[in-house]
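> In the working numbering, the protein residues as written are 542 to 644.
Beta carbons are placed, not taken as given, at the ideal position from N, Cα and C, and that holds for glycine.
Here it is: the structure, laid out below.
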């Protein structure tokens, strides 16, 4: 497979990973991240020509942007989960206090 095709496939996997992360499908995003990692390893395991440097640099920049956005989404989802847990704990505490004082 040509270098350009491998790079295109890697970028497409990155776009898919970002799309599923935007949808909150973290299990699938994790699978696609592993796919991206494997594709990147295969791409960089081969000898690369200086003539390919610009395309590779552009691809790396695009992947870094996607990764940054996926990480931002991941941290936002984590923060949302923490808020949900805090709300649950507060609700459970309210029920406990009400039950203890309603008796």
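Entirely within the region 547 to 603 and at least 4 residues each: give me those alpha helix (DSSP H) ranges in chain order.
567 to 586
> Once DSSP output is grouped into helix, strand and coil, what is the label at residue 640?
helix
> Please state whether DSSP places residue 628 in a helix, a strand or coil.
Annotated three-state conformation of residue 628 is helix, per DSSP.
> Can you give the Cα-Cα distance for residue 555 and residue 588, rounded to whole angstroms?
22 Å
> Answer with buried or exposed for residue 611, where buried requires no fewer than 16 other C-beta atoms within 10 angstroms of its C-beta.
So residue 611 ends up on the buried side.
> Helix, strand or coil for residue 543? Go by DSSP, reduced to three states.
Residue 543 falls in the coil class under three-state DSSP.
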